[in-house]
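All the letters of the sequence shown, read from the start, carry residue numbers 0 to 553 under numbering that gives the first Met the number 0. Positions of the beta carbon are idealized from the N, C-alpha and C atoms, including for glycine. Here the structure is a predicted model, which is why all the values come from computation and not from measurement. Report on the following structure.
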Amino acid sequence: MSLPTLYCWIPASPRLSQLYFTFSEITLLQSDGLLLIMRNILIRAEKATPMKRLSIFLPLAHAFNRKDSTQRFLCNLGRASVVIAMLVAGNVRAAPPPISIPAMNDGSLSNQSEGLFGFLNGINRSNTLMGDMWGLRTGLSRYGMSLALLETSEFLGNTSGGIHKGFEYDGLTQAVLQLNTQRAFGLYGGLFNISALQIHGNNLSTDNLQTLQTASGIEADRATRLWEVWYDQKFLEEDRLDIKIGQQSLDQEFMVSTNALYFVNTMFGWAMLPSADLPGGGPAYPLSALGARISARPMDGVTVLAGVFNGSPVSNNTGDPQLQNHTGTSFPLHGGALAIAELQFAYPALGSMVEAGENPPLGRTYRVGAWYDSEQFNDQRFDQTGLSLANPGSIGAPETHRGNYAFYAVMDQLLWRNQKDPNRTLAVFARVMGTPLADRNLIDFSMNAGFVYHSPFAYRTYDTFGMGVGYAHVSKQAGALDQDTANFTNSFNPVRHSETFVEATYQYQAKPWLQVQPDIQFVFNPGAGLADPNNPGQPIKNELVLGVRTNISF
Numbered sequence: 000m001s002l003p004t005l006y007c008w009i010p011a012s013p014r015l016s017q018l019y020f021t022f023s024e025i026t027l028l029q030s031d032g033l034l035l036i037m038r039n040i041l042i043r044a045e046k047a048t049p050m051k052r053l054s055i056f057l058p059l060a061h062a063f064n065r066k067d068s069t070q071r072f073l074c075n076l077g078r079a080s081v082v083i084a085m086l087v088a089g090n091v092r093a094a095p096p097p098i099s100i101p102a103m104n105d106g107s108l109s110n111q112s113e114g115l116f117g118f119l120n121g122i123n124r125s126n127t128l129m130g131d132m133w134g135l136r137t138g139l140s141r142y143g144m145s146l147a148l149l150e151t152s153e154f155l156g157n158t159s160g161g162i163h164k165g166f167e168y169d170g171l172t173q174a175v176l177q178l179n180t181q182r183a184f185g186l187y188g189g190l191f192n193i194s195a196l197q198i199h200g201n202n203l204s205t206d207n208l209q210t211l212q213t214a215s216g217i218e219a220d221r222a223t224r225l226w227e228v229w230y231d232q233k234f235l236e237e238d239r240l241d242i243k244i245g246q247q248s249l250d251q252e253f254m255v256s257t258n259a260l261y262f263v264n265t266m267f268g269w270a271m272l273p274s275a276d277l278p279g280g281g282p283a284y285p286l287s288a289l290g291a292r293i294s295a296r297p298m299d300g301v302t303v304l305a306g307v308f309n310g311s312p313v314s315n316n317t318g319d320p321q322l323q324n325h326t327g328t329s330f331p332l333h334g335g336a337l338a339i340a341e342l343q344f345a346y347p348a349l350g351s352m353v354e355a356g357e358n359p360p361l362g363r364t365y366r367v368g369a370w371y372d373s374e375q376f377n378d379q380r381f382d383q384t385g386l387s388l389a390n391p392g393s394i395g396a397p398e399t400h401r402g403n404y405a406f407y408a409v410m411d412q413l414l415w416r417n418q419k420d421p422n423r424t425l426a427v428f429a430r431v432m433g434t435p436l437a438d439r440n441l442i443d444f445s446m447n448a449g450f451v452y453h454s455p456f457a458y459r460t461y462d463t464f465g466m467g468v469g470y471a472h473v474s475k476q477a478g479a480l481d482q483d484t485a486n487f488t489n490s491f492n493p494v495r496h497s498e499t500f501v502e503a504t505y506q507y508q509a510k511p512w513l514q515v516q517p518d519i520q521f522v523f524n525p526g527a528g529l530a531d532p533n534n535p536g537q538p539i540k541n542e543l544v545l546g547v548r549t550n551i552s553f
């Protein structure tokens with residue numbers, strides 16, 4: 000098997016996480032799989048002499064199985080990376096679930112029989128339900144293209160609290176087509192990506208819950224819409240620099256905790272603060288914005304991520320932003336700019352090795368960042384004449400402020416690894432974000448934290464159990480308007496202050512292409528203290544939310 004063919008098996012993904020390997024085992028530190036480290040190894044091998052290639056691959060061959068020959072390892076390396084990528088990178092996350100791109104020439108597809116139901120042959124081993132799609136994926140791979148389809152379905156409901164009780168269905172179909180320029184026409188390091196969404200079902204948070212921190216990361220207005228269209232080009236040795244331009248969704252790269260992505264609640268993905276404070280909720284699912292992003296790795300273990308995007312994902316910041324751009328084909332460039340920068344520290348550094356017999360270190364990643372948006376922002380309390388917006392004499396036009404910003408920090412930390420079973424690990428995560436600008440922001444602080452326990456039971460290597468908490472604090476300025484409303488109307492009007500939820504979830508890997516995820520959430524002080532429209536003298540009662548999510552890769 001030629002090395003270039005092997006190289007094409009490694010899926011290109013914008014969401015790559017750190018892992019390190021030893022001579023005796025390969026241990027996953029984050030949730031997105033073997034992709035980057037294997038790509039870097041293959042890059043070095045591709046530029047090396049045949050003898051040097053052997054020296055690069057031999058340690059990895061022993062890492063998989065000391066009894067494997069180098070030839071057998073090379074034949075299975077690509078397939079192994081695909082299995083790990085599909086089973087791990089495909090794990091469900093909030094807003095929305097990540098989609099794993101099937102590797103080209105995946106060996107599991109070659110064993111499938113021809114015919115209408117040929118995909119059923121080897122269905123228990125295939126990483127996708129439809130396998131080769133009757134030759135479509137093989138045909139696309141000849142031109143350097145990969146196609147991925149992911150269907151996420153949920154049945155969630157509240158058995159207590161809320162403005163209504165009941166269960167609702169919601170679903171999301173994601174389609175992603177990627178073109179690897181090296182495979183297509185020999186240009187190393189280029190990747191073109193286009194994705195689309197088909198959103199269906201109902202919205203439990205809007206219909207029943209009235210929460211700030213919505214119960215599901217896929218909840219959105221029903222639509223079929225374009226999502227992302229971008230081109231990414233890598234530069235320098237070991238891909239230490241890459242630049243991405245085009246229509247991008249920031250929740251795919253910025254302010255992300257990789258361990259938090261296992262949960263269902265939206266706020267474990269795109270944070271509560273930018274969701275509430277940025278125009279249109281910011282360029283995050285199901286919206287995106289035109290811009291450019293640069294990623295640089297000046298030294299091993301340190302990454303600088305920065306980008307500039309249109310200040311709003313929609314051209315009109317009034318009303319429902321999803322309806323303002325209901326097909327995703329509006330590409331506004333007027334108005335302000337959103338600038339974001341993030342510094343990432345990872346230990347151990349990518350590609351670190353530990354000799355056989357040594358205890359591998361526990362991995363950790365820290366991120367610190369900030370964003371600034373130059374758009375105009377409405378005051379949360381006062382109008383343009385200085386009167387409270389609740390005052391009957393107010394002109395109703397809020398005072399405006401130029402610009403908005405916030406700071407954030409994210410931590411992912413591996414706490415424990417079973418010495419006998421390195422797949423069994425316990426990791427914790429936390430993310431905090433805050434802004435001092437209470438006058439123009441509904442939310443001035445948000446926090447997420449929790450833990451994930453991988454392989455919690457024997458022989459359930461790819462299952463994950465997690466518990467997490469989310470907290471959102473309403474700014475004093477917004478709370479003051481609530482008090483003004485109560486004073487001027489002489490009626491009950493709760494002063495909003497904060498909302499907290501806890502979530503427990505279990506991801507069950509039923510098949511390589513199927514995950515089933517039961518989920519339970521409990522919300523304290525829904526809507527930060529909103530009045531119940533069915534009982535205006537009382538706030539909405541605490542809510543118990545139960546449900547299940549399924550994730551099927553086609």
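Which residue marks the beginning of the alpha helix (DSSP H) containing residue i, and which one marks its end?
| i | result |
| --- | --- |
| Thr180 | 180-184 |
| Lys475 | 475-488 |
| Leu137 | A small correction: the amino acid at residue 137 is Thr; Leu does not occupy that position in the sequence shown. Here the alpha helix (DSSP H) through Thr137 covers 135-140. |
| Met271 | 271-276 |
| Leu249 | Taken as a continuous stretch (DSSP letters only), Leu249 belongs to no alpha helix (DSSP H), as it is neither H nor E. |
| Leu322 | 320-323 |
Excluding five sequence neighbours on each side, which residues of the same chain lie with their C-beta closer than 8 Å to the C-beta of residue i?
| i | result |
| --- | --- |
| Asn264 | Ala93, Gln212, Thr213, Ala214, Ser215, Gly216, Gly467, Gly469, Phe500, Glu502, Gln520 |
| Gln321 | Ala219, Asp220, Ala222, Pro285, Leu286 |
| Gln209 | Gly161, Ile162, Pro525, Gly526, Leu529, Ile539 |
| Thr632 | It is not possible to answer for residue 632, since the shown part of the chain is limited to 0 through 553. |
| Ala270 | Met254, Tyr407, Arg430, Met432, Ser445, Asn447 |
| Tyr404 | Ala369, Trp370, Tyr371, Asp372, Thr434, Leu436 |
| Gly300 | Phe344, Ala345, Tyr346, Pro347, Ala348, Leu349 |
Taking the beta strand (DSSP E) that residue i falls in, what are its first and last residues?
| i | result |
| --- | --- |
| Gln375 | 363-382 |
| Gly300 | Premise fails: Gly300 is in no beta strand (DSSP E) and is neither H nor E. |
| Ser159 | 144-159 |
| Ala448 | 442-453 |
| Leu565 | The shown model of the chain, from 0 to 553, leaves out residue 565, and the question about it has no answer. |
| Glu341 | 336-346 |
| Asp462 | First-last for Asp462: undefined, no H or E at that position. |
| Gly196 | The sequence shown places Leu at residue 196, not Gly. Note, Leu196: beta strand (DSSP E), 189-200. |
| Arg495 | Run containing Arg495: none; DSSP gives neither H nor E here. |
| Tyr404 | 397-416 |
| Trp229 | 222-234 |
| Gly536 | 534-538 |
| Val547 | 542-552 |
| Phe523 | 513-523 |
On the criterion of 16 or more Cβ atoms from any shown chain inside 10 Å, does residue i qualify as buried, or is it exposed?
| i | result |
| --- | --- |
| Asp372 | buried |
| Thr223 | exposed |
| Asp231 | buried |
| Asp319 | exposed |
| Gly156 | buried |
| Arg401 | exposed |
| Phe491 | exposed |
| Trp415 | exposed |
| Pro435 | exposed |
| Gly161 | buried |
| Leu135 | exposed |
| Leu171 | buried |
| Ile36 | Annotation note: pLDDT 41 at Ile36 (below 50); position unreliable, coordinate value reported separately. Looking at its Cβ environment, which holds 16 or more other Cβ atoms inside 10 Å, Ile36 is buried. |
| Tyr407 | buried |
| Pro493 | buried |
| Ala509 | exposed |
Using a Cβ-Cβ cutoff of less than 7 Å, which residues in the same chain neighbour residue i once the five nearest sequence positions on both sides are dropped?
| i | result |
| --- | --- |
| Trp229 | Asn192, Lys243, Ile244, Gly245, Gln246, Gln247 |
| Arg316 | At residue 316 the sequence reads Asn, which differs from the Arg that was named. Pro278, Gly279. |
| Ile98 | Ala147, Leu149, Gln173, Val175 |
| Lys475 | Ala437 |
| Thr158 | Lys164, Leu543, Leu545 |
Between which residues of its own chain and residue i is the CB-CB distance below 6 Å, once the five residues before and five after are set aside?
| i | result |
| --- | --- |
| Thr328 | Leu225 |
| Ala295 | Leu240, Val303 |
| Asp238 | none |
| His453 | Thr424, Thr463 |
| Pro273 | Gly281 |
List the whole-angstrom C-beta distance separating residue i from residue j, where the pair is believed to meet the contact cut-off of C-beta under 8 Å.
| i | j | result |
| --- | --- | --- |
| Gly200 | Asp241 | Rounded, the Cβ-Cβ distance is 36 Å, inconsistent with contact. |
| Gln379 | Ala477 | 4 Å |
**Asked** Does the region 305-312 come close enough to the region 198-209 that 3 or more CB-CB pairs lie under 8 Å?
**Response** no
**Prompt:** With a cut-off of 8 Å, do at least 3 Cβ pairs link the region 426-437 to the region 253-264?
**Reply:** yes
**Prompt:** Any contact of the region 368-385 with the region 325-345, i.e. 3+ C-beta pairs under 8 Å?
**Reply:** yes
**Prompt:** With a cut-off of 8 Å, do at least 3 Cβ pairs link the region 385-401 to the region 474-489?
**Reply:** The region 385-401 vs the region 474-489: in contact.
**Asked** Does the region 506-514 come within contact of the region 121-136, defined as at least 3 CB pairs closer than 8 Å?
**Response** Contact between the region 506-514 and the region 121-136 is present, with at least three C-beta pairs closer than 8 Å.
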